[in-house]
Each structure stands twice: as C-alpha cells, then as structure tokens.
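In our numbering, the protein residues as written are 213 to 552.
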C-alpha cells in the first residue's frame, strides 16, 4: 500500500508469491494464477440416514455430554482436514474410492452424534467453523496483464497482479486507553475488479516505509480500513480527574469523570477521531448513564454530541497547531454506574 496522506491518495499494489520449481524457465508467457489446488475436494460428502431406536429404562442407551461435544468437534476438524488433503489421493483407483467412502462415513457418524445431542438437549449444536485462507471454498483466478517471465528456482518470487487506486476517507485516530500514539488511517472501498485475498501488507506513507499489517479477504466492493502508521506530531493522554462513590436507596453509585487530551507538536491544525470505551451492562442489573458527554463543554469538539456505538464513545477533536501541555485540545466526560 502506497499513500500520499496530504493529497488523500492511496494505491494498492497486489502481488502473488510463487515458487516455480519445474526445472523449466518460463519466458515471454501469458500467465494466469489460480487459488484452486489439487488438495481440495470438489465433490460434497454424501448424507446417509439416521436410524433412531428407543432403549429400555436402565438399558444401554447413550447420553452425550459436553465432553463428547468437544471430542466430536475435534473429530470433525480432523475428518474434514483429511478429506480436503492429499490423503484422499487422486485418480479413479479402487483405493481412492474406498478412502473417500471411509471419510464420508466418518463425517456421517459425527453428524449423527451431533443430532443425538440436539434431540437430548433440545438445543441446536453448531458444528465447527473451519474456514481459513487455504480452504475458504472460493476459487479466484487472476490474468496477469501482458507477457511475463518466471524462471525456475527454489526461492519464492513475487508477481504483480494489479496496481489499483483506492478512494475513501483519510483520518487520524486516537485510542489513549490502548496507546498514546495517534495513527493515520484510511477507510477505502475495493472498487477494483479483483478479490484481494488475505495476506501481509507492507505500507508506505509519503514515500517512507511505516510498517506491516495484515488484510483479511476483501471482496470486490467491500470496505476496508488501511493503517498508515503513527503520526509523530501528535500524542494523546487519558486521565481520571474525579471518582465519587455514594449509597442511594440501597444502591452503590459510582460517578467517574475522565479527561482525554491530544497534544500537537506540528505546525498545522488537524482533526483527530478520539475514541474511548464505555462499559456494556445488563440494564436489569447495572445502570449506566452518561451525565455529560463533554461535547458542548469542550471548545475543541466538532459537533454538539459525542458519537456512541457498540460500547464506544467518540469525538472529532479540532486540534490546533503547537497545542502543548495546558493548551492541549481536550474533552472531559462523566458517566454514572449504579448497582445493588
């Protein structure tokens, strides 16, 4: 990823890592790259019938426990991994056919035990999610533009698949509860014609290397957040300035006041997305009230209210240039927690 932060421009250069050890150099060739692999099985396992019988009282009927469930989950993972591996050999030989049949019978036995647990407990038992980057079930093919060369050698080689400009929102984010550093980020959309598979990301901002990160699979049209490194001109701080405890009507009431500030050592005004965590509570057991969200009382906050979502509270903070120590941009908010 290469970004020009001041111009809010970002380009994603997408590469494949290939090991070409055929012994033959490929020169001046048209190349297509595919994630399809011989270790994946194209045919679905066959579903067999479950025969249910009643056992007499005190008889030998099975009752499955949580320990059995854990063992079933491990067995299911192993069976599916074996089915999707080279153990289920290639070709139409008798041994390969028998191997597939044995693995399918194993999967059916495991699923029958799952259904018995459902019948005994009255609840649905979810099977294990085994999705990963090597068996996600989707196959992606890339056509390399133009003609290229790929020599045969043991080292892995990088082939560029595409170079795509991505448009979106650039911003700075501060999470002082986790770190005093303030990071540059961009929320962009993959509007290219390629699915971007999960993998490591090397990031350059304004021509300088800023660090590494990881991408998950990103579908065409999907939104993603790209980290662009630390802004060295900014620092954040979080301080509890007041804490009071009272007893009201048999309830314990805690009032907490928190000040969050951002210092700027740079020569330009900027905007920082400031974030803090709010407790998530069961309202029948614990009361949580925001007495003052700090937006109206702070001259640095853009807007009249803080933004709240999913256990978080955030503000857009207008940070003046050279705002240090007591002149730092800040917001102070107060919450009240009450419980028996």
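We put the beta carbon where it would ideally sit given N, CA and C, even for glycine.
Everything numeric in this text was worked out from a predicted model, so none of it was measured.
1. Count the other CB atoms within 10 Å of the CB of residue 514; is the residue buried (16 or more) or exposed (fewer)?
2. Considering only residues of the same chain and omitting the five flanking positions on each side of residue 376, which have a CB-CB separation below 6 Å?
3. Can we say the stretch 480-500 touches the stretch 522-532, given the rule of at least three CB pairs closer than 8 Å?
4. Work out the CA separation of residue 381 and residue 348 for me, nearest whole Å.
5. Tell me whether residue 284 sits in a helix, a strand or coil according to DSSP, three-state version.
6. Here's a check: name, in chain order, each residue in its chain whose Cβ is nearer than 6 Å to the Cβ of residue 469, leaving out the five neighbours to either side.
7. Cβ atoms of residue 244 and residue 356: under 9 Å apart, would you say?
8. Reducing DSSP to helix, strand and coil, say where residue 343 ends up.
9. Count the CB pairs spanning the stretch 386-398 and the stretch 435-445 that are closer than 8 Å, and state whether there are at least three.
10. In the DSSP assignment, what are the bridge partners of residue 374?
11. Have a look at 242, 426, 227, 450 and flag the residue whose alpha-carbon is nearest the alpha-carbon of residue 472.
12. Note down the Cα distance separating residue 314 from residue 320, rounded to an integer number of angstroms.
13. Is DSSP giving residue 432 helix, strand or coil here?
14. So, residue 240 versus residue 359, is the Cβ gap smaller than 9 Å?
15. What are the boundary residues of the beta strand (DSSP E) that includes residue 496?
16. CA-CA distance, residue 399 and residue 493?
17. Report yes if the C-beta distance between residue 215 and residue 414 is below 9 Å; otherwise report no.
18. On the criterion of 16 or more Cβ atoms from any shown chain inside 10 Å, does residue 213 qualify as buried, or is it exposed?
19. In three-state DSSP terms, what is residue 290?
20. Measuring CA to CA, which of 246, 464, 325, 537 is closest to residue 228?
21. Where do the N-terminal and C-terminal ends of the beta strand (DSSP E) with residue 401 fall, by residue?
22. Taking DSSP's pairing of strands, which residues face residue 476 in a bridge?
23. Could you spell out where the beta strand (DSSP E) holding residue 219 opens and where it closes?
24. Taking Cβ positions, are residue 475 and residue 446 nearer each other than 9 Å?
25. Beta-carbon within less than 7 Å of residue 344's beta-carbon, same chain only, minus the 5 sequence neighbours each way: which residues are those?
26. With H, G and I counted as helix, E and B as strand and the rest as coil, what does DSSP make of residue 454?
27. DSSP beta-bridge partners for residue 360?
28. Considering only residues of the same chain and omitting the five flanking positions on each side of residue 412, which have a CB-CB separation below 7 Å?
Considering the structure as presented:
1. exposed
2. 224, 404
3. yes
4. With a pLDDT of 46 at residue 348, under the threshold of 50, the modelled position of this residue cannot be trusted; read the value that follows with caution. Those two C-alpha atoms are separated by around 30 Å.
5. helix
6. 453, 454, 546
7. yes
8. Model confidence at residue 343 stands at a pLDDT of 46, short of 50, so the residue's coordinates are unreliable and nothing is read from them.
9. yes
10. 226
11. 450
12. 10 Å
13. coil
14. yes
15. Here residue 496 belongs to no beta strand (DSSP E), and DSSP marks it neither H nor E.
16. 30 Å
17. no
18. buried
19. helix
20. 246
21. 393-401
22. 446
23. Element bounds for residue 219: n/a, residue is neither H nor E.
24. yes
25. Only weak support exists for where residue 344 lies, its pLDDT of 46 falling under 50; the value from the coordinates is given anyway. So the list is empty, once near-sequence residues are dropped.
26. strand
27. 241
28. 424, 426
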